[in-house]
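Numbering (my numbering), first residue to last: 1 to 1171. Ideal placement from N, C-alpha and C gives every residue a C-beta, glycine not left out.
The structure is reproduced here in structure tokens:
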């Protein structure tokens, strides 16, 4: 909360406040919980060994210079009457008001004690205390109006004179003080204020949680907020407002080799002593300190046992508050470490030159505070402008812990929604986040594993939708894999008559259809047309109007189910043949020399036994064929009657044909010995090849022709190594040009260089020929062009740059196995129907469209998503809501034609607040990323970036204008369920597609662009905001993961090991000061310098730490659709630059803003829109 908070703007102490109940919070300061890393940096004004130094006064904020007191209204659930999530500007509080409760105030009845630690954040410096934090055995009583009982005084501290006895005395104490010696009457520029913490019973080390059960406040507290105080003698005080012009802080000159710090100068300003007791003369009772104990000196003595027993991490507020100081004694011998520096340089670090911290200060009055800093968005450069060298920029520090934390939101959702199953019976329910493990019970709406929406409550009118700018979109994953505990969609067979459908709009029977006239007819829920019920489908209705067989029919009671399709749904009115897989192997010099050809052939011998098959079939119905190629193509006859395989060469690549029909596509079991013989011979046949040139388009044409001749759908697995420069159709030239980056021609890098492949893709889709492409480039090979056919046929691209057998084979083989074995539908067509009022207008994903409604895919696997955007074409009604039905027609891997149906009902609203209360940020980011990644094909990247920022600013400005309580323009107010929109959006803006780093190649960018376009919400979530886990905090005896930490370098401690995963890579970062025993246990070497960067898997060692880390890696690999590359990064090593690229809350090398800077920039944009 900001210090200028008026009394009426937030509920006083004790009012009901929304919050998350019972959430276990990581410890901070005095005690560490497992999974919370230690900082890599030394103490800020670190303690002198051997002395007990007092802790700072509660309420002293190093970043503000004066305390603040009040409820953190800013980051509250928007169900309260307050502006949720606002970050206030910094101004003086009203002078009226009672002092806060005295030290050690107990808590309102029915309340948990609040943890003294910041939620979701890092604890630094001190090893874990042995005392666990526990929930209080009983609520602690609180009698309104009575004096709170003080906690017994901590022995080290002395009292300075009697405490003031009344508000008036308190004011008198403060008479004549000023801060910083400046005075001005101009109002401060409205800045992005800084919210600091919730009410605390000062001195007790406990926070009071907020909950709906809380009673009315004690009268004295609600009168107002105490004056922000400079707690230092010798300063004059007046009861006027605080001076508004506070001198901006300029960083001290940097010490050698380190960029300037954003901390106040360390020289000469000793730390103030801690005062849990009554205040000094001339000092108000302070509020809890900032969440970063960078000014804590040395451990305080332990509190009385009674306080310890009652400590429990309570429910967090939604994002911005700081903890009281630590109450646990750290173990001796460890220096306190600093955390949370902002900007380039952190405070004094071990082994670095730094300013002399000044003499320790024992019991003497404290020195002057660092000047308070105000955040004025107008003075902050927009994220793209970085002309000033860092030395010249004064930096306004916002505490990174005081802005919404993704880790905290994820943690809260897990705690609140992870235990109960998600039952889909209710219209417009927002599901748990993708990061939460939960079970789904289908009771009439499709599981969120199949469909997720950007909002579950959509505006009734197009005007309202335009005003809010919130895109209405659904991310659909029709063949999503389900966990073993959930039931796969039931298969319904209606015989020759086929599924029952609406006569007019052709929607399929679903739970929302209304049966009328005793069950003889039904009214369509999409278009309201009335249709006769076929005689064989007739059933009587019960007294509620439901059919009596409601629960016996999946299509009447479930959100997702399948129909067996009749011959009318098949091509040429005949049932399809089972699909075929054709393996097409590049045997040019590069592929043979690298060992790739031998590796593929060896793997295929065993892999062919694992082709996908229907549930209870003995063997797969899929047939297989083999082709090798360089400048020419070699087809192989592997008919079961042959003793040896036969090879046929087609050198006329300009007019491709298949030289054999019989014996090319075979059953694996029948031709097993011939296939094995062929796979043994291929590496030998081409062992001495000198051919370096390859063709590409003719390879796809050959596969397509083979499937046409066999009259079946299928998939081509193409293993390719280089740019196809040999004379042939689809020949390409090297057009890579980094000079085009940031110019208007940059978009050409993402476009195919010839339309040949678009036409080829169209032919492939018509035949049901899906292409999966495995690339092994050593240089540019034009992924933007080669990827066109895989992309438009619904296939996948896998890329292994600079493939090396020893480091990359494990990843490649895992990807290949999963790709061959996963569930896939062929010859697929998908259509999304909607109820009257909205319609599907735009589609994103890996597919082809020949008209405006049908999404066509030669193949669709269980990992692919199609994102659909909806627009209004009429008014919607709040009563009837809105409906979506996704129908997918496909051929299963056994050759069965099926329809998979997913239904979802959404609420409609006439109030914008209802829209904002039911949005899902992760899905919104998935849609915005895909929208932007498509935009780069036709617009300059800068235009795309600006459009993204502008749209998000409009979304947040609309909320601010129409839904938030009135408040000063200097406050940033975010909707509760969109408070992570700025941090996630910044990650999208900083991604390699929209802002390439120096190491991102043109091929990398084209590859990522295509990959993200068909990702689901869980994949984009971890891709844009990677998961960072402190491995050294992992509990080797439990199955759980260590608590994740935020993606910022300042969260890393050089004494720890961290794991970062983003769905494509896993980095293991090893700090320079990691204990030698940990290095030995994990890597099997005796020192940091001996750790090898070349490891592609962790060594298998028989010790608990090694087992635990390997089990974590395996667990993460199992959650992702691709096998992630393991990269070992040693601190201060050259690979660290790559690792830091993924610390997305920090400023990026390519010019991307840090999270704090971007939040300020967004605030500035919102203010401009509002003014």
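C-beta contact flag for residue i and residue j at 9 Å
i, j, result
"residue 891", "residue 713", "yes"
"residue 1126", "residue 1096", "yes"
"residue 486", "residue 439", "yes"
"residue 1092", "residue 1128", "yes"
"residue 788", "residue 758", "yes"
"residue 804", "residue 722", "no"
"residue 445", "residue 430", "no"
"residue 1122", "residue 818", "yes"
"residue 452", "residue 482", "no"
"residue 872", "residue 465", "yes"
"residue 852", "residue 1094", "no"
"residue 985", "residue 1162", "yes"
"residue 899", "residue 579", "no"
"residue 837", "residue 879", "no"
"residue 866", "residue 593", "no"
"residue 586", "residue 628", "yes"
Member of the options whose CA lies at the smallest distance from the CA of residue i
i, options, result
"residue 503", "982, 1011, 1097, 534", "534"
"residue 794", "734, 729, 860, 849", "860"
"residue 647", "679, 667, 672, 670", "679"
"residue 467", "1008, 913, 608, 1085", "913"
"residue 1154", "1160, 1145, 1162, 1161", "1145"
"residue 650", "634, 973, 663, 782", "634"
"residue 1082", "602, 1105, 1073", "1105"
"residue 728", "946, 694, 937", "694"
"residue 882", "417, 1141, 457, 734", "457"
"residue 751", "986, 791, 836", "791"
"residue 1177", "604, 947, 923", "Not covered by the structure: residue 1177. The range shown for the chain is 1 to 1171."
"residue 630", "652, 612, 637, 610", "652"
"residue 744", "1072, 1084, 944", "944"
Presumed contact (8 Å Cβ cut-off) between residue i and residue j, rounded CB distance
i, j, result
"residue 1124", "residue 1066", "5 Å"
"residue 1025", "residue 987", "5 Å"
"residue 1149", "residue 996", "Not confirmed; about 10 Å, so no contact."
Length of the line joining the Cα atoms of residue i and residue j
i, j, result
"residue 1038", "residue 659", "60 Å"
"residue 810", "residue 855", "35 Å"
"residue 455", "residue 657", "51 Å"
"residue 812", "residue 625", "21 Å"
"residue 820", "residue 717", "9 Å"
"residue 1170", "residue 955", "12 Å"
"residue 135", "residue 1143", "Low confidence applies to residue 135: its pLDDT is 42, below 50, so where it sits in the model is not reliable, and the reading given next is rough at best. Taking the straight line from one Cα to the other gives about 34 Å."
"residue 83", "residue 968", "Note that residue 83 has pLDDT 41, beneath the 50 cutoff, so the model's placement of it is unreliable and the number below is only indicative. Their Cα atoms are separated by approximately 11 Å."
"residue 849", "residue 530", "31 Å"
"residue 886", "residue 475", "11 Å"
"residue 538", "residue 526", "21 Å"
"residue 918", "residue 1047", "27 Å"
"residue 926", "residue 868", "11 Å"
"residue 545", "residue 902", "23 Å"
"residue 598", "residue 828", "34 Å"
"residue 1050", "residue 822", "41 Å"
"residue 732", "residue 753", "8 Å"
"residue 408", "residue 402", "12 Å"
"residue 675", "residue 606", "11 Å"
"residue 777", "residue 1158", "36 Å"
"residue 841", "residue 870", "6 Å"
If we require 3 or more residues per run, which beta strand (DSSP E) segments fall completely within the stretch 576-609? 580-586
Quick check on the DSSP output: what are the complete beta strand (DSSP E) runs of length 3 or more inside the stretch 1080-1115, in order along the chain? Qualifying beta strand (DSSP E) stretches: none in this window.
Counting only runs that start and end within the stretch 1017-1073, where is the alpha helix (DSSP H) found for 4 or more residues in a row? 1017-1024
Which parts of the stretch 476-535 are runs of the beta strand (DSSP E), unbroken and 3 residues or longer, counting only runs that do not cross its ends? The DSSP assignment places 514-516, 521-523, 530-532 as complete runs of the beta strand (DSSP E) inside the stretch 476-535, in order along the chain (cut-off: 3 residues).
In chain order, which continuous runs of the beta strand (DSSP E) of length 3 or greater are located wholly inside the stretch 798-853? Counting whole runs of 3 or more residues, the stretch 798-853 contains the beta strand (DSSP E) stretches 824-834, 838-844.
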